[in-house]
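Peer 1: The sequence shown begins at 3 in our numbering and counts up by one.
The beta-carbon is built from N, C-alpha and C at its ideal position, and this holds for glycine as well.
Just so we're clear, the structure is a prediction, and the values are computed from it rather than from any experiment.
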Amino acid sequence: MSTSSDVLEAMPAAGDCAYGMHDSTVIKHIGIVLYDGFSLLAAGTLAEALHVANELQSEAADHSLTYRVNLVSARGGTVSCSSSMSVWTEQLAGGKFDSLDNLFVAGGSGVARASSDDNLIELLRHVSGKSITITAMGNAHMLLSAAGVGPRDWPSMTQDIRLESTAETVSKHERDQALMTSLAFVKKDLGADLAMRVADRLDSGGGLSLATAFEEMYDTTLAEKARAAAHWLVLNCAKPISVVDAARMSSMSERNFLRLFKREIGVTPSKYLLRARLDLTCKLLESSDLPVDKIARRTGLSNGERLSKLFRKEFSMSPTEFRARSREKR
């Protein structure tokens, strides 16, 4: 695996072609803000993760996005990291803002000193006023706070990464945090499958299993998505909705949505929707004198004939019999 400094030195200049891009590939421009005393390990880890994402994308037939990473600073030129190594940066000013899609701010031991750098703080304030997503890495949130930029953490990120070993070193923690930030970013752009492949490629084999940690984090997000879809089906069951509508609402393909819903909820979306409609039907039969045909239309079950067939199948009685029995119990 490449070292952080190798990856940083391998980053293309703004005018260079990156990673053998196809003509149809969308290029996403990523800026990493550096300053004297930045963490080379954190910045290099982010660059390495995006480079691996590019490599994995290039192996796929549907290669659709390539990251181009630029190292930038308030003044440009040479910037020294916390371990006294120097890297070359471009000055982030003028038209450079317009070419960026995302901006990451590296953390590091020099963050307190950088917080008093008027040029850097003004730069971050200026960027925050544009349509560029800014993400702090590690303790770089201090810089954004000094610039008056609110936190914009990824929804799927976790700040408390669980380690099997209690002998956590600062450098390992920096790398793990940078990797989790990178994986959340890649997942947002390219999906969890590719993000987990990046995690597998970069996993150091130490106390933290990145692939496992990220998969658990992603599974939690999916479980929440399935529950939200189930709630949406209940709220809208009276409308002429379908499973396709629910999948679209969840921003998932129908196939993946069906698999996820069955796994998390225990039944298929179609079965869940039918139960919601029958439950609403039962409530209307108990509380109103509406004709069965009208109730069927109000609960998304088309007509009285279909409702009667479904009712007999599910409850072994007709809607009219159900109404009579429910009222006898009052």
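#1: Please name the residue in Asp202, Leu67 and Lys296 whose C-alpha comes closest to that of Leu181.
#2: DSSP on Arg250, reduced to helix/strand/coil?
#3: Kindly identify the DSSP beta-bridge partner or partners of Ala44.
#4: Does the Cβ of Val50 have 16 or more other Cβ atoms within 10 Å, making it buried, or fewer, making it exposed?
#5: Helix, strand or coil for Cys239 per DSSP?
#6: From Asp178 to Arg199, what does the alpha carbon distance come to, in whole angstroms?
#7: Is Glu330 helix, strand or coil when you go by DSSP?
#8: Assuming Gly39 contacts Ser111 under a Cβ cut-off of 8 angstroms, what Cβ separation, rounded to an integer in Å, is found between them?
#9: Spatial neighbours of Glu323 within its chain, please: C-beta separation below 6 angstroms, excluding the five flanking residues on both sides.
#10: Between the C-alpha atoms of Arg70 and Gln59, what's the straight-line distance to the nearest angstrom?
#11: May I have the straight-line CA-CA distance separating Leu196 from Met144, to the nearest angstrom?
#12: Quick check on this structure: which residue in Pro242, Lys311, Glu307 and Arg77 has the alpha carbon closest to the alpha carbon of Glu92?
#13: From which residue to which residue does the beta strand (DSSP E) around Val113 run?
#14: How many angstroms separate the CA atom of Lys245 from the CA atom of Ser272?
#15: For Leu43, is the classification buried or exposed, using 16 other Cβ atoms within 10 angstroms of its Cβ as the cut-off for buried?
#16: Determine the closest residue to Met254 out of Leu224, His233 and Leu282, with distance taken between C-alpha atoms.
#17: Output needed for Pro293: all residues of its chain with C-beta closer than 8 angstroms, excluding positions within five of it in sequence on either side, in chain order.
#18: By alpha-carbon positions, which one of Phe187, Ala138 and Val188 ends up nearest to Glu176?
#19: For Arg70, write down the residues that DSSP places opposite it in a beta bridge.
#20: Taking only three categories from DSSP, how would you classify Asp119?
#21: In its own chain, which residues sit with a C-beta less than 8 angstroms from the C-beta of Glu256, not counting the 5 before and 5 after it?
#22: Identify, in the order they occur along the chain, each residue of the same chain with its Cβ nearer than 8 angstroms to the Cβ of Ser84, setting aside the five sequence neighbours on each side.
#23: According to DSSP, which residues form a beta bridge with Ala148?
#24: What is the rounded straight-line gap between the Cα of Gly302 and the Cα of Leu262?
#25: Please work out which residues of its chain come closer than 8 angstroms, Cβ to Cβ, to Thr80, disregarding the five sequence neighbours upstream and downstream, and give them in chain order.
#26: For Asn56, count neighbouring C-beta atoms within 10 Å of its own C-beta (all shown protein chains included) and say buried if the count is 16 or more, exposed if not.
#27: Just how far apart, CA to CA, sit Ile32 and Met251?
#28: Among Leu36, Leu105, Leu280 and Glu316, which residue has its Cα nearest to the Cα of Arg299?
#29: Quick check on this structure: which residue in Arg327, Val54 and Ala231 has the alpha carbon closest to the alpha carbon of Val188?
#30: In whole angstroms, what is the alpha-carbon distance linking Ile34 and Ser66?
#31: Assign Asn72 to buried or exposed, taking buried as 16 or more other Cβ atoms, counted over all protein chains shown, within 10 Å of its Cβ.
#32: DSSP on Leu105, reduced to helix/strand/coil?
#33: Taking Cβ positions, are Leu126 and Ile136 nearer each other than 9 angstroms?
#34: Pick helix, strand or coil for Glu61, following the three-state DSSP scheme.
#35: Going straight from the alpha carbon of Lys30 to that of Leu185, what length do you get?
Peer 2: In short:
#1: The residue labelled residue 181 in the question sits at position 179 within the sequence shown. The residue with the shortest Cα to Cα distance from Leu181 is Asp202.
#2: Position 248 of the sequence shown, counting from 1, holds the residue named residue 250. Arg250 falls in the helix class under three-state DSSP.
#3: Position 42 of the sequence shown, counting from 1, holds the residue named residue 44. None, per the DSSP bridge assignment.
#4: Position 48 of the sequence shown, counting from 1, holds the residue named residue 50. Reading off the sequence, residue 50 comes out as Glu, not Val. Glu50 should be labelled buried.
#5: Locating residue 239 in the sequence shown gives position 237, where the first residue counts as 1. The DSSP-derived three-state label of Cys239 is coil.
#6: Numbered from 1 along the sequence shown, position 176 holds the residue referred to as residue 178. Numbered from 1 along the sequence shown, position 197 holds the residue referred to as residue 199. Just so you know, the alpha carbons of Asp178 and Arg199 end up roughly 16 angstroms apart.
#7: As a working mapping, residue 330 is identified with position 328 in the sequence shown. Glu330 sits in a helix when the DSSP states are folded into three classes.
#8: If you number the sequence shown from 1, residue 39 lands on position 37. If you number the sequence shown from 1, residue 111 lands on position 109. About 5 angstroms; that satisfies the 8 angstroms criterion.
#9: For this step, residue 323 is matched to residue 321 along the sequence shown. Excluding sequence neighbours, Glu323 sits near nothing in its chain.
#10: In the sequence shown, counting from the first residue as 1, residue 70 sits at position 68. In the sequence shown, counting from the first residue as 1, residue 59 sits at position 57. Distance between the alpha carbons of Arg70 and Gln59 is about 13 angstroms.
#11: In the sequence shown, counting from the first residue as 1, residue 196 sits at position 194. In the sequence shown, counting from the first residue as 1, residue 144 sits at position 142. If you take the alpha carbons of Leu196 and Met144, they lie about 31 angstroms apart.
#12: One-based indexing of the sequence shown puts residue 92 at position 90. Looking from the CA of Glu92, the closest CA among Pro242, Lys311, Glu307 and Arg77 belongs to Arg77.
#13: Counted from its first residue, the sequence shown places residue 113 at position 111. Segment Val113 to Ala116 is the alpha helix (DSSP H) holding Val113; no beta strand (DSSP E) there.
#14: Mapped onto the sequence shown, residue 245 falls at position 243. Mapped onto the sequence shown, residue 272 falls at position 270. First, the residue type needs correcting, since residue 245 is Val and not Lys in the sequence shown. Ser272 has its alpha-carbon roughly 6 angstroms from the corresponding atom of Val245.
#15: In the sequence shown, counting from the first residue as 1, residue 43 sits at position 41. With 16 or more other Cβ atoms within 10 Å, it is buried.
#16: Counting from one through the sequence shown, the residue named residue 254 turns up at place 252. The shortest Cα separation from Met254 among Leu224, His233 and Leu282 belongs to Leu224.
#17: By 1-based counting over the sequence shown, the position of residue 293 is 291. Shown here for Pro293: same chain residues with a beta carbon closer than 8 angstroms to its own, the five before and five after excluded, namely Gly306 in chain order.
#18: On the sequence shown, position 174 is the one that residue 176 refers to. Checked all of Phe187, Ala138 and Val188; the closest Cα to Glu176 is Ala138.
#19: For the purposes of this step, residue 70 is taken as the residue at position 68 of the sequence shown. Arg70 is bridged by DSSP to His31.
#20: For the purposes of this step, residue 119 is identified with residue 117 of the sequence shown, where counting begins at 1. In the structure shown, Asp119 adopts coil according to DSSP, grouped into three states.
#21: Reading the sequence shown from its first residue, position 254 is the one you call residue 256. Val245, Val246 and Ala249, listed in sequence order.
#22: Position 82 of the sequence shown, counted from the start, is the residue given in the question as residue 84. Excluding sequence neighbours, Ser84 sits near Gly39, Phe40, Ser41, Leu42, Gly110, Ser111 and Gly112.
#23: Counting from one through the sequence shown, the residue named residue 148 turns up at place 146. None, per the DSSP bridge assignment.
#24: For the purposes of this step, residue 302 is taken as residue 300 along the sequence shown, with counting starting at 1. For the purposes of this step, residue 262 is taken as residue 260 along the sequence shown, with counting starting at 1. Rounded to the nearest angstrom, the two C-alpha atoms are 24 angstroms apart.
#25: Within the sequence shown, the letter at position 78 stands for residue 80. If we look at Thr80 and ignore the five residues flanking it on each side, its Cβ neighbours are Ser88, Val89, Trp90 and Thr91.
#26: Translated into positions along the sequence shown, residue 56 becomes position 54. So Asn56 counts as buried.
#27: Position 30 of the sequence shown holds residue 32. Position 249 of the sequence shown holds residue 251. Rounded to the nearest angstrom, the two C-alpha atoms are 29 angstroms apart.
#28: As a first step, residue 299 is located in the sequence shown; it is residue number 297 there, counting from the start. Taking each of Leu36, Leu105, Leu280 and Glu316 in turn and checking the Cα distance to Arg299, the smallest one comes out for Leu280.
#29: Numbered from 1 along the sequence shown, position 186 holds the residue referred to as residue 188. Shortest Cα-Cα distance from Val188 to any of Arg327, Val54 and Ala231 involves Val54.
#30: Counting from one through the sequence shown, the residue named residue 34 turns up at place 32. Counting from one through the sequence shown, the residue named residue 66 turns up at place 64. Rounded to whole angstroms, Ile34 to Ser66 spans 22 angstroms at the Cα level.
#31: To locate residue 72, count along the sequence shown from 1; it is residue 70. By the 10 Å Cβ count, Asn72 comes out buried.
#32: Here the question's residue 105 lines up with position 103 in the sequence shown. The answer is strand: DSSP assigns Leu105 an E or B state.
#33: Here residue 126 refers to the residue found at position 124 when the sequence shown is read from its first residue. Here residue 136 refers to the residue found at position 134 when the sequence shown is read from its first residue. The answer is yes: Cβ separation under 9 angstroms.
#34: Position 59 of the sequence shown holds residue 61. Coil.
#35: Here residue 30 refers to the residue found at position 28 when the sequence shown is read from its first residue. Here residue 185 refers to the residue found at position 183 when the sequence shown is read from its first residue. Distance from the CA atom of Lys30 to the CA atom of Leu185, rounded to whole angstroms, is 16 angstroms.
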